[in-house]
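Peer 1:
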Amino acid sequence: MTQWTVHGTRRIYESEWMSVDLDDVEIPEGERFEHHVLRLPFASTAVVVVRDEHVLLLWRHRFTTDVWGWEIPAGRLEAGETAETAAVRETEEETGYLVGVEPLVTINPLNGLSSHTTHVFVGTGAVKTGEHDPAEAARVEWVPLDEIPAMIRKGLVPCGITLAALTTYLTLKA
Numbered sequence: 001m002t003q004w005t006v007h008g009t010r011r012i013y014e015s016e017w018m019s020v021d022l023d024d025v026e027i028p029e030g031e032r033f034e035h036h037v038l039r040l041p042f043a044s045t046a047v048v049v050v051r052d053e054h055v056l057l058l059w060r061h062r063f064t065t066d067v068w069g070w071e072i073p074a075g076r077l078e079a080g081e082t083a084e085t086a087a088v089r090e091t092e093e094e095t096g097y098l099v100g101v102e103p104l105v106t107i108n109p110l111n112g113l114s115s116h117t118t119h120v121f122v123g124t125g126a127v128k129t130g131e132h133d134p135a136e137a138a139r140v141e142w143v144p145l146d147e148i149p150a151m152i153r154k155g156l157v158p159c160g161i162t163l164a165a166l167t168t169y170l171t172l173k174a
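So this is what it looks like as structure tokens:
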């Protein structure tokens, strides 16, 4: 058996956005130690919006890594909101497009460190309802799907959730 055993948890930091716990864990070989765990009190959602063999991407700067890159629309679920509703809301808020959504994949992007879950959807039937939020992205563009692999190779898609979503979509579409 290779499952770790959790003997206890001690909270060392908590805010509206996250908490950090020290879990007292034991690995199968018998060694016991404290392991940091990042817990987010919400799930998130991300949407691969597809239209005419193009995908809707946001050009964003992330201050935490000081990196610019292409991302799909994404955000957190609000209290009482379903993943589907959040996906539609976040896409419209960030891009100015209203979409219908179908589930694509659910991922745990940092499962060795965090309990966070992201529900990824495919967005279809995009209808422009307004402008994108300039606080969210410098620009929003429809990018040909066949350009995505080259963009990934060039390092233009640094977001792990976006990478997982786009590569899953392209793999399952093939």
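Note that full-length UniProt numbering has the sequence shown beginning at 1, numbered continuously upward.
All C-beta atoms, glycine included, are put in the ideal place defined by N, C-alpha and C.
(1) Of the choices T106, G112, E14 and T91, whose alpha-carbon is the least far from that of G100?
(2) Apart from the five residues just before and just after V37, which ones in its own chain have a Cβ nearer than 6 Å to its Cβ?
(3) Comparing alpha-carbon positions, which option in E26, W17 and S15 lies nearest T9?
(4) So, V88 versus I148, is the Cβ gap smaller than 9 Å?
(5) Along the chain, which unbroken stretches of the alpha helix (DSSP H) at least 4 residues long are found entirely within the UniProt domain "Nudix hydrolase" (40-165)?
(6) Which whole-angstrom value is the C-beta distance of V48 and V120, which I expect to be below 8 Å?
(7) Going by beta carbon distance, what residues of the same chain come within less than 6 Å of A86, once the five residues before and after it are set aside?
(8) Among T82, I72, V105 and L110, which has the Cα closest to the Cα of E94?
(9) Is the beta carbon of W70 sitting closer than 9 Å to the one on C159?
(10) Just confirm the distance between the C-beta atoms of A126 and Y169, as a whole number of angstroms; I'd bet it's less than 8 Å.
(11) Considering only the beta carbon of each residue, do V122 and L58 sit closer than 9 Å?
(12) Select from K128, T2 and W68 the residue whose C-alpha is nearest the C-alpha of G155.
(13) To the nearest angstrom, report how far apart A150 and V143 are at their CA atoms.
(14) Alpha carbon to alpha carbon, how far is R11 from K128?
(15) So the beta strand (DSSP E) T2 belongs to, where does it begin and stop?
(16) What do you get for T171, buried or exposed, if any count of 16 or more other CB atoms within 10 angstroms of its CB means buried?
(17) Return the residue from the list W4, A138 and G80 that minimises the CA-CA distance to A43.
Peer 2: Looking at the atomic coordinates:
(1) T91
(2) D21 and D23
(3) E26
(4) no
(5) 83-95 and 148-153
(6) 7 Å
(7) T45 and L77
(8) I72
(9) yes
(10) Their Cβ separation, rounded to whole angstroms, is 15 Å, which puts A126 and Y169 out of contact at 8 Å.
(11) no
(12) W68
(13) 12 Å
(14) 44 Å
(15) From DSSP, T2 is part of no beta strand (DSSP E); its letter is neither H nor E.
(16) exposed
(17) G80
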